[in-house]
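Q:
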RNA sequence: GUCCCCAUCGUCUAGCCCGGUCAGGACGUCUCCCUUUCACGGAGAUAACCGGGGUUCGAAUCCCCGUGGGGACACCA
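Residue numbers (this note's numbering): 1 to 457.
1) Quick check: what's the CA-CA separation for residue 4 versus residue 182?
2) Identify the continuous alpha helix (DSSP H) that holds residue 434 and give its terminal residues.
3) Applying the criterion that 16 or more other CB atoms from any shown protein chain within 10 Å of the CB defines a buried residue, is residue 370 buried or exposed?
4) Using the Cα positions of residue 275 and residue 188, report the straight-line distance between them to the nearest angstrom.
5) Out of 288, 431, 217, 43, which one is the CA nearest neighbour of residue 350?
6) Tell me which same chain residues have a C-beta within less than 6 Å of the C-beta of residue 72, skipping the five on either side of it?
7) Return the residue from the list 142, 159, 157, 158 that minimises the CA-CA distance to residue 151.
8) Decide yes or no for the touch test of the segment 105 to 116 against the segment 217 to 227: beta carbon pairs closer than 8 Å, at least 3 of them.
9) Write down every uninterrupted run of the alpha helix (DSSP H) in the segment 209 to 244 whose length is 4 residues or greater and which is fully enclosed by it, in chain order.
10) My guess is that residue 135 and residue 123 are in contact by the Cβ rule of under 8 Å, so how many angstroms apart are they, rounded?
11) Kindly indicate the opening and closing residues of the alpha helix (DSSP H) around residue 369.
12) Would you say residue 439 and residue 403 are within 8 Å of each other, going by their C-beta atoms?
13) Among the candidates 76, 11, 324, whose CA atom is the shortest distance from the CA of residue 51?
14) From which residue to which residue does the alpha helix (DSSP H) around residue 64 run?
15) Assuming residue 107 is part of the beta strand (DSSP E), what are its boundary residues?
16) Using alpha carbons as the reference points, say which of 201, 34, 93 lies closest to residue 273.
17) Which same chain residues, not among the five before or five after residue 20, have their C-beta less than 7 Å away from its C-beta?
18) Are the segment 101 to 115 and the segment 191 to 209 touching, with three or more C-beta to C-beta distances below 8 Å?
19) Do the CB positions of residue 173 and residue 167 come within less than 8 Å of each other?
20) Could you please give me the residues that DSSP links to residue 40 through a beta bridge?
21) Within its chain, find whatever has a CB closer than 8 Å to the CB of residue 54; leave out the 5 residues flanking it on each side and keep chain order.
22) Is the number of C-beta pairs between the segment 378 to 393 and the segment 404 to 418 that are closer than 8 Å three or more?
23) Pick out the complete alpha helix (DSSP H) segments inside the segment 83 to 139, 4 residues or longer, and give them in chain order.
24) Helix, strand or coil for residue 285, going by three-state DSSP, please let me know.
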């Protein structure tokens, strides 16, 4: 069989959303699995609604996700141009073929595609008007995911608007023919358009590609499919929020497809090896941000520390707080290493590490109330300050030994110092070990924080 | 309204095609363990075959009908 050629054909009329990303991903996976060609085609025939800004978002998002295209804008290819707005000549040529075959007619200034069959009038309940229908045999769609689907396509439809611009159904099919597309993998919302498309392929005398309609992603709360306005719908959003692209891609792979065993975290190469169209689910899937967050954490934990530090740096740079935090690179790196095993996502980073970068951090009043009533926290603090003056602070173990020795000398445990020291050092009750905090903060700053807290308590 | 698609824990899903499993995994939630806080991790608990009819010795699995969910019905894509 000849080489597989698939295309992702977004239209730049809004931000790039998660359903589109998954459609792109499944096309890409299928191309990579079969050694085929993944084509990016921009469907920008609606001049009113398209924008260059959205086009850039599509390119950026695909690149971020790692979905490189073999043919398309910016990379070229033998079947270009790949933006429909630049393909007017191709459409004119194909329109002539259809006209020559007697499959078109003009009405109200527009060009219509003519179905073959006996015509009759019928009242349409939905559109509240009488329409002309055609007696036709059902169109058969052989879908690689759903099997055989039959649908009656019994009304002529517009292929070129009265303003001269060709419409989606027409250009979509023409380009699929011209670009030698072998498999059309797209959302299920297109399934009922497919009968129109099949009739067009047949009218052109062109081979009908294989279709594969993938299920839709439903919004996590409330009815309906996920739309661009829904929370968590935009790819760009995840990028901004510091999600790992690998994690998002892995999550998306599992929304509607699975390896048939218990694996969830999978290298993309393994997904490529296993991915196939019949393995795609037929039912819609509800988007679950908690599962995505978990996947992101799993990837974050597995990240080499240097890569994590680099990503953390990039995150701070794009989120205002930047300059002050990044002033001392080595210091910043130390803190990121402490934070990596503790956080679920990059978004938690600024709040989680804030007290390392300022002496002006807030003391959580609730935590304070809890800690200051147990034992003799002030006495413990005084002892710790004294011990800090002479203890070795170059390593976590040295600090731990010193505090343990102090505790033993008072017949106490490490824990008797831990909570109050943490509160004084960070203002909270959650975070890295206090030994690491003291080491990174250094003797002077640690001592100063303990003393300041003691004075205020 | 018409047409099309779909239906297993709250969610993502395995199992269905080729009927016989305590209906498996993961997220979430809860409990316990680990522990120097918080996380991570470990152990456990929770929870599902939409309903009704068939077919069959036997149905989550095959068939039909309901119901429910989703999608499409533009000179948008």
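A virtual CB, placed ideally from N, CA and C, is assigned to each residue, including glycine.
Please read all numbers here as calculations on a predicted model, not as lab measurements.
A: Well, looking at it:
1) For this step, residue 4 is matched to residue 4 along the first chain. For this step, residue 182 is matched to residue 182 along the first chain. The alpha-carbon separation between residue 4 and residue 182 amounts to approximately 6 Å.
2) Mapped onto the first chain, residue 434 falls at position 434. Taken as a continuous stretch (DSSP letters only), the alpha helix (DSSP H) holding residue 434 covers 434 to 441.
3) If you number the first chain from 1, residue 370 lands on position 370. Residue 370 comes out exposed.
4) Here residue 275 corresponds to residue number 275 of the first chain, with the count starting at 1. Here residue 188 corresponds to residue number 188 of the first chain, with the count starting at 1. Distance between the alpha carbons of residue 275 and residue 188: 19 Å.
5) By 1-based counting over the first chain, the position of residue 350 is 350. Restricting attention to 288, 431, 217, 43, the CA atom closest to the CA of residue 350 is found in 431.
6) Your numbering for residue 72 matches position 72 in the first chain. Cβ within range, chain order: 39, 40, 82.
7) In the first chain, counting from the first residue as 1, residue 151 sits at position 151. The candidate whose alpha carbon is nearest that of residue 151 is 142.
8) The segment 105 to 116 vs the segment 217 to 227: no contact.
9) Counting only runs that start and end inside the segment 209 to 244, the alpha helix (DSSP H) elements of at least 4 residues fall at 235 to 240.
10) The count along the first chain starts at 1 and reaches residue 135 at position 135. The count along the first chain starts at 1 and reaches residue 123 at position 123. Contact flag wrong, Cβ pair sits at about 17 Å.
11) As a first step, residue 369 is located in the first chain; it is residue number 369 there, counting from the start. Per DSSP, residue 369 belongs to the alpha helix (DSSP H) from 365 to 371.
12) Mapped onto the first chain, residue 439 falls at position 439. Mapped onto the first chain, residue 403 falls at position 403. Not closer than 8 Å, so no.
13) One-based indexing of the first chain puts residue 51 at position 51. Check the Cα spacing between residue 51 and each of 76, 11, 324: the tightest is with 11.
14) Taking the first residue of the first chain as position 1, residue 64 is located at position 64. Start and end: 52 to 65.
15) The residue you call residue 107 lines up with position 107 of the first chain. Start and end: 104 to 107.
16) Residue numbering aside, residue 273 sits at position 273 when the first chain is read from its first letter. Ranking the options by Cα distance to residue 273, first place goes to 34.
17) The residue labelled residue 20 in the question sits at position 20 within the first chain. Excluding positions up to five away in sequence, the list reads 10.
18) With the cut-off at 8 Å, the segment 101 to 115 and the segment 191 to 209 touch.
19) By 1-based counting over the first chain, the position of residue 173 is 173. By 1-based counting over the first chain, the position of residue 167 is 167. Not a contact, by the Cβ cut-off of 8 Å.
20) Reading the first chain from its first residue, position 40 is the one you call residue 40. Within the DSSP bridge table, the entry for residue 40 names 8 as partners.
21) Here residue 54 refers to the residue found at position 54 of the first chain. Closer than 8 Å at the Cβ level, and outside the excluded window around residue 54, lie 12, 13, 14, 15, 16.
22) Contact between the segment 378 to 393 and the segment 404 to 418 is present: three or more C-beta pairs spanning the two stretches fall below 8 Å.
23) For the segment 83 to 139, whole alpha helix (DSSP H) runs of length 4 or above, ordered along the chain, are 88 to 100.
24) Here residue 285 refers to the residue found at position 285 of the first chain. Residue 285: strand per DSSP, three-state reduction.
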